[in-house]
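Protein chains: 2
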Amino acid sequence: MGTLFGGIEAGGTNFVCAIGSGPDDIRQETEYSTTTPEETLGRAIDFFRSEDADLAAIGIASFGPLDLDISSPAYGHISSTPKPGWAGTDIVGRVGQALGLPVGFDTDVNGAALGEYRWGAARGLDTFVYLTVGTGIGGGGMVAGRLMHGLVHPEMGHIRVPHDRAADPFPGICPFHGDCLEGLACGPALEARWEQSPESLPGDHAAWPLEAHYLALALVNFICTLSPQRIILGGGVMKEPRLLPMIRERVQELLNGYVQAPEIMEEIEDFIVPPALGDHAGVLGAIALAARAAENQARQA
Amino acid sequence: MGTLFGGIEAGGTNFVCAIGSGPDDIRQETEYSTTTPEETLGRAIDFFRSEDADLAAIGIASFGPLDLDISSPAYGHISSTPKPGWAGTDIVGRVGQALGLPVGFDTDVNGAALGEYRWGAARGLDTFVYLTVGTGIGGGGMVAGRLMHGLVHPEMGHIRVPHDRAADPFPGICPFHGDCLEGLACGPALEARWEQSPESLPGDHAAWPLEAHYLALALVNFICTLSPQRIILGGGVMKEPRLLPMIRERVQELLNGYVQAPEIMEEIEDFIVPPALGDHAGVLGAIALAARAAENQARQA
């Protein structure tokens, strides 16, 4: 068995495939646009075949929703995505059979959470949240050392948060819920509300305190629901450097001393943090899923 | 070692102590008002001593907040409660030393969740929420077969939910957060808003659709955050029989087809359910904590 892993960061816009064993050892990498399942998965399979590396397993961190129920006939499939052609795609079956390797499979955010747990900002923890704020808002993480699954998997972007329409009349852009968290605070919502891209909004723009307010409301809800030991905030919208300090301050204001943990009351800089794995977090998450799949197989063998 | 367990349902208003092994086998039970820690815990210790039963362990399902971190010097203590005299009480140490027995310890809601998992509405599940709506609102449950802990423990009653002050100008009664979920929807909030006790509100009163709306918003947030396989709704406020069906309907409306699980879309009567253990749920939760403590000790021995 090889000691290298293949990782597929299966995004709705781009796929990233890489071979390596961790953040200091990514040997090959390729990125391309997501088109049809046939073509897009075919390119991934061709990449791993052509590299001729001795891989122990493949990990796939995918956009969803996904069927993650190992006892389901549709395990490893993408389920009800509106993305044309992808609903019902057996992504694990197709990749696993073509390459003859065990496959670790989870959501993109749970993959990223596992990567941060192995190598990054969640080392040594067992209960934490990973939230990404970008084109959409997605969340995953661990509770008591297990990646968060359940009936399906978390859809943290779709929680409802208070929305003062007098202060912010923007109705939200979620096609299902209007002003859920994602509808109010994802990148495209910022762009629609302010009529300019989030990257072009200056750091002192009124967009940022409002964005911090909505994200802080969401974090307060995750804190009260899960009691995480840390929250990792990633995604394109978080690239505005003034945002993270504003979120930390607003979380403390909103909790108002109710959760009397020094981690929140005194050391919030270590409690709400950026990802440690930077731009490789996605594909490293996939590699972490592969490593875990190989370990699970070794344990069963 | 005995095959019987002692359970202490440590409530802020009343303590219930019982000896038994499960829902069909509660042999002795006593209930009394919560006064000082000294007197209240003393009565519990006296009860178990006087019954002279051959107990394997004691379980304590307690009001909080609690220190549940087994590596903390304050493990087993009640932490920052405003309840006079109780902050810092070493409830596990005092009871365990007096009786010379292993002690299982958790929040009242995690205790109730464990009881429902062993004997009630959560049998066969591994990820579920138990929410109680009464004098306060509290939540617990399991993720991947583990009771929900973390930095501290969940405080689900304190999540923020949308509050339309035009439709409901009531400001909420939470001393920390005003209109958090508990501030808007616990029993005392109902009483303050409508100026009559929840029990006296007729089933066709406008209070109930509004209550269903707030609780449904909270459940939607728990569904999106945790993806539970079931939600159990207990507590005094839930005794109004029209409330549960209204909550189910409103959860489906709010999710609007986003989580395409048949359990939610088609079988919501089995997804949002009352506790199966009825009035004994609290002390049976404590007995379940005792049983688990005994099993853990046997495993380590």
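Protein sequence lines, in the order shown, are assigned to chains G and L.
Residue numbering for the first sequence follows this note's numbering, beginning at 1 and increasing consecutively.
Residue numbering for the second sequence follows this note's numbering, beginning at 1001 and increasing consecutively.
Quick reminder that beta carbons are idealized off the backbone N, C-alpha and C, glycines included.
When Cβ-Cβ separations below 9 Å define contact, MET1156 (chain L) makes contact with chain G. A check of alpha carbon separations from GLU1267 (chain L) across L:GLY1285, L:ALA1276, L:PRO1245, L:GLY1278 identifies L:PRO1245 as the nearest. Here GLN1028 (chain L) is bridged, per DSSP, to L:ILE1019. Cβ-Cβ distances below 6 Å link ILE264 (chain G) to PHE271 in the same chain, with the five nearest sequence neighbours on each side left out; the list follows chain order. Non-local C-beta neighbours of SER1021 (chain L) in its own chain, meaning closer than 8 Å and more than five positions away in sequence, comprise THR1003, LEU1004, PHE1005, ILE1287, ALA1291, ordered along the chain. In this structure, DSSP gives MET142 (chain G) an extended state, which the three-state scheme calls strand.
Per DSSP, the continuous alpha helix (DSSP H) segment holding ALA281 (chain G) begins and ends at 281 to 300.
Contact annotation, ASP67 (chain G) with HIS77 (chain G): C-beta distance approximately 5 Å; criterion of less than 8 Å satisfied. Using a 10 angstroms sphere on the CB of SER1062 (chain L), the tally of other CB atoms reaches 16 or more, which defines it as buried.
GLU195 (chain G) sits in coil when the DSSP states are folded into three classes, being neither helix nor strand. At least 9 Å separates the beta-carbon of LEU277 (chain G) from that of ILE247 (chain G). Excluding its 5 nearest sequence neighbours in each direction, SER1079 (chain L) has C-beta neighbours in its own chain below 6 Å: PRO1065, ASP1067, listed in chain order.
For the segment 1077 to 1098 of chain L, residues whose beta-carbon sits nearer than 8 Å to a beta-carbon of chain G comprise SER1079, SER1080. Excluding sequence positions up to five before and after CYS186 (chain G), its CB lies within less than 8 Å of the CB of VAL133, GLY134, THR135, GLY136, ILE137, GLY157, ILE173, VAL237, all in the same chain and listed in chain order.
DSSP places ALA10 (chain G) in the uninterrupted beta strand (DSSP E) bounded by 4 to 10. With a threshold of 16 other beta carbon atoms within 10 Å, SER1227 (chain L) meets it and is buried.
Counting other Cβ atoms within 10 Å of its Cβ, THR1089 (chain L) reaches 16 or more and is therefore classed as buried.
Proximity of GLY1136 (chain L) to chain G, defined by a Cβ-Cβ separation below 9 Å, is not satisfied. Contact annotation: the segment 1102 to 1111 of chain L does not touch the segment 1120 to 1128 of chain L, with fewer than three C-beta pairs closer than 8 Å.
According to the DSSP secondary-structure assignment, ILE91 (chain G) is paired through a beta bridge with no residue. Annotation for ILE232 (chain G): the continuous beta strand (DSSP E) segment containing it runs 230 to 234.
In this structure LEU233 (chain G) does not touch PRO162 (chain G) by the C-beta definition: roughly 20 Å separates them, more than the 8 Å allowed.
Interface flag for MET246 (chain G) against chain L is unset, since no Cβ pair is found closer than 9 Å.
Annotation: the continuous alpha helix (DSSP H) that includes ALA207 (chain G) extends over 207 to 226. For ILE264 (chain G), the enclosing alpha helix (DSSP H) begins and ends at 262 to 265. Here the C-alpha atom of ASP179 (chain G) lies approximately 52 Å from the C-alpha atom of GLN1028 (chain L).
In the displayed model, VAL109 (chain G) falls within a helix according to three-state DSSP.
Under the DSSP definition of a beta bridge, VAL1133 (chain L) partners with L:ILE1137. By the Cβ neighbour-count rule, PRO1275 (chain L) is buried, with 16 or more other Cβ atoms within 10 Å of its own. The alpha-carbon separation between VAL1129 (chain L) and GLY42 (chain G) amounts to approximately 41 Å. Judged by their CB atoms, ALA1074 (chain L) and THR1081 (chain L) are not nearer to each other than the 9 Å cut-off. Cα atoms of ASP1168 (chain L) and GLU240 (chain G): separation of roughly 36 Å, rounded to the nearest angstrom. With contacts defined by Cβ atoms closer than 9 Å, PHE15 (chain G) and LEU99 (chain G) do not form a contacting pair.
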